[in-house]
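Beneath this line is the structure, given in structure tokens, with notes to follow.
Numbering (the working numbering), first residue to last: 23 to 612.
Here's what the structure looks like:
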């Protein structure tokens, strides 16, 4: 048996040589002067980390299939062992990254008939051709059929399902793929909108990320974000080379009319530069069209003003509601003690007939709904109003970064689910409706929250009258040229492993904190839900009612509320600290 030594550097030297770059050589250096090596994140790893066996002579059909699946992790190598298990025709057609399944345990392989093998595997997640990771419910399985043909007396796989890509273990996935961020734009607020993708390291991560950045906007974000990449823009050459000495990534673009569209050039500059610089190991980005730099300053670096910034939201004051009284507290402290600084506004008392209290970032605007869900109460800088005609079964209100208050519910007369938004600074403003698309008529919206970047919303929806059932969706908020909401883009599911969702909040621009259950859970739990990542349960807490998120700049701190009216902050990695009692904890701006 011969073996192949698997290099996790993914054939980087060959890739850079193709891109006509120096500094990646297989020979010893002859220049006595020291030279800069490759950036840390682009350095080849140890030459030998695992051994991937080639097909053995006279191997059975099951051994060939098993060997192929085990060698999938080497799909991006110069000498890809996995293709040795395939016929020449199938090896040339196979596109590994078209569909990736993440396996849970070893697959079961059985011979159906001579030359036909059936493989059944437990699956914990999938990655589509765009790099989107979806975690699958526990117990998910897949069964596929592989057909084999003898070539020169040796079995080789001649056919598998058309959509077959890769089958990887969780550890293999972490070796072969990397969680990266494609960036879109909210031009009204000057913010980047992150979209997480899993991209193959072996294909040249800068190249993969640049291609993803130039692809069309996902359906669930159409009309909600701006991009300079969609349209006829594409890479001129097959790779985005990174110079080993200067650590500058060069993106050669082509596309009719790009250079004449100043807004598109500015968007491309911001998106491509910021996403590539975030990889690490890249100190500059040079965007070129027809050999000419698109940037007036030449190379874009981390200090270059791109006109957009990441969402960095932090909260050092919150409101603790005790019956009708509001107390200003410091939510960053473990015991949620009262805040020392004065509030610049005189907060009102809020009768207990109002619930679901929400507050603007500056605490000068408040909103709540009546206990029966039929009225909306608003307060701004000492003035208040009650709107009894919005709808029925209203959700708790939420503030967005554009200065709007949102509620969801049912239109009067039993019509379909709807959203309403209203100016938070004008208590006499009329609430405007927005239809909710793609929902079953029997479902209603139970929670609605706007993302920190103001472009997306999470929705908890479920069957009418069944409060213990609910699913989580994420959709873009479509806005007109003036920035006013007009519709929701078609929503996509989030956290499908949860069989029931009762509450959800944005923890950051890329992560939710959700209260719900999986099939194996006997009672509700709190979960960290990265969009494009793996579900992570928080520590158990008996009588859990809801988990809130306190923004901390880079992330968030979870705060749990239990049915006995007590709030709990995190203690260690999985425990909870009993902080203090209260009826509601109001995180400003959420």
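Every residue gets a Cβ at the ideal spot worked out from N, C-alpha and C, and that includes glycine.
**Asked** By Cβ distance below 7 Å, which residues in the same chain neighbour residue 422 in space, the five residues on each side in sequence not counted?
**Response** 428, 472 and 476
**Item:** Those runs of the alpha helix (DSSP H) which lie wholly inside the segment 261-314 and span at least 4 residues
**Value:** 284-299
**Prompt:** What whole-angstrom Cβ distance do residue 328 and residue 291 have, given they're in contact under 8 Å?
**Reply:** 7 Å
**Message:** Please identify the residue among 109, 470 and 559 whose C-alpha is closest to the C-alpha of residue 542.
**Reply:** 559
**Message:** Quick check: the segment 197-209 against the segment 225-233, are at least 3 beta-carbon pairs closer than 8 Å?
**Reply:** yes
**Message:** Going by C-alpha to C-alpha distance, which of 300, 519 and 322 sits closest to residue 288?
**Reply:** 322
**Asked** Relative to the C-alpha of residue 341, which residue among 308, 136 and 382 is closest?
**Response** 382
**Asked** How would you label residue 128, buried or exposed, when you count the other beta carbons within 10 angstroms and need 16 or more for buried?
**Response** exposed
**Message:** Our contact map puts residue 196 next to residue 95 with C-beta atoms below 8 Å; I'd like the distance itself, whole angstroms only.
**Reply:** Actually they are not in contact, since the Cβ atoms of residue 196 and residue 95 sit about 10 Å apart, beyond 8 Å.
**Prompt:** If we ignore side chains and look at the alpha-carbon of each, how far apart do residue 505 and residue 247 end up?
**Reply:** 11 Å
**Asked** In terms of residues, what are the limits of the alpha helix (DSSP H) holding residue 229?
**Response** 227-236
**Asked** To the nearest angstrom, how far is it from the Cα of residue 213 to the Cα of residue 538?
**Response** 31 Å
**Message:** Here's a check: name, in chain order, each residue in its chain whose Cβ is nearer than 8 Å to the Cβ of residue 453, leaving out the five neighbours to either side.
**Reply:** 398, 409, 412, 429, 442, 443 and 444
**Segment limits, alpha helix (DSSP H) that includes residue 122** = Segment 121-125 is the beta strand (DSSP E) holding residue 122; no alpha helix (DSSP H) there.
**residue 196, DSSP secondary structure in three states** = helix
**Message:** Taking contact to mean 3 or more Cβ pairs, one atom from each stretch, closer than 8 Å, check whether the segment 496-512 and the segment 456-465 are in contact.
**Reply:** yes
**Request:** Could you tell me the distance, in whole angstroms, from the CA atom of residue 317 to the CA atom of residue 308?
**Result:** 8 Å
**Request:** Note the first and the last residue of the continuous alpha helix (DSSP H) segment covering residue 87.
**Result:** 83-92
**Asked** Whose CA, out of 146, 350 and 172, lies closest to the CA of residue 191?
**Response** 146
**Message:** My output table needs one value for residue 323: the three-state DSSP class, helix, strand or coil.
**Reply:** coil
**Prompt:** Considering residue 112, what are the terminal residues of the alpha helix (DSSP H) in which it resides?
**Reply:** 110-115
**Message:** With a threshold of 8 Å on Cβ separation, who are the neighbours of residue 181 within its own chain once the five nearest residues in sequence on each side are excluded?
**Reply:** 112, 168 and 169
**Item:** Inside the segment 472-517 only - beta strand (DSSP E) runs reaching at least 3 residues
**Value:** 478-485, 493-501, 507-510 and 514-516
**Message:** Helix, strand or coil, according to DSSP, for residue 527 in the structure here?
**Reply:** strand
**Request:** Please classify residue 118: does DSSP put it in a helix, a strand, or coil?
**Result:** helix
**Asked** Three-state secondary structure (DSSP) at residue 241?
**Response** helix
**Request:** Tell me residue 374's beta-bridge partners as DSSP assigns them.
**Result:** DSSP, once it has assigned bridges, lists no residue as partnering residue 374.
**Asked** What's the gap between the Cα of residue 78 and the Cα of residue 158?
**Response** 35 Å
**Request:** Go through its chain and collect everything with a Cβ distance to residue 49's Cβ below 7 Å, but skip five positions before and after it.
**Result:** Residue placement at residue 49 cannot be trusted, given a pLDDT of 32 that sits under 50; the coordinates are not used to answer.
**Item:** With 16 other Cβ atoms within 10 Å as the buried cut-off, status of residue 265
**Value:** buried
**Request:** Keeping to the same chain, check which residues put their C-beta closer than 7 Å to that of residue 374; ignore five residues upstream and five downstream.
**Result:** 345 and 346
**Asked** Exposed or buried, residue 355, counting other C-beta atoms within 10 Å across all chains shown (16 or more means buried)?
**Response** exposed
**Item:** Residue range of the beta strand (DSSP E) that includes residue 384
**Value:** It is not in any beta strand (DSSP E) - residue 384 carries neither H nor E in the DSSP assignment.
**Distance CB(residue 418)-CB(residue 447) smaller than 8 Å** = no
**alpha helix (DSSP H) segments (min. 4 residues) lying fully within the segment 425-461** = none
**Asked** Out of curiosity, what's the CA-to-CA distance linking residue 606 and residue 577?
**Response** 22 Å
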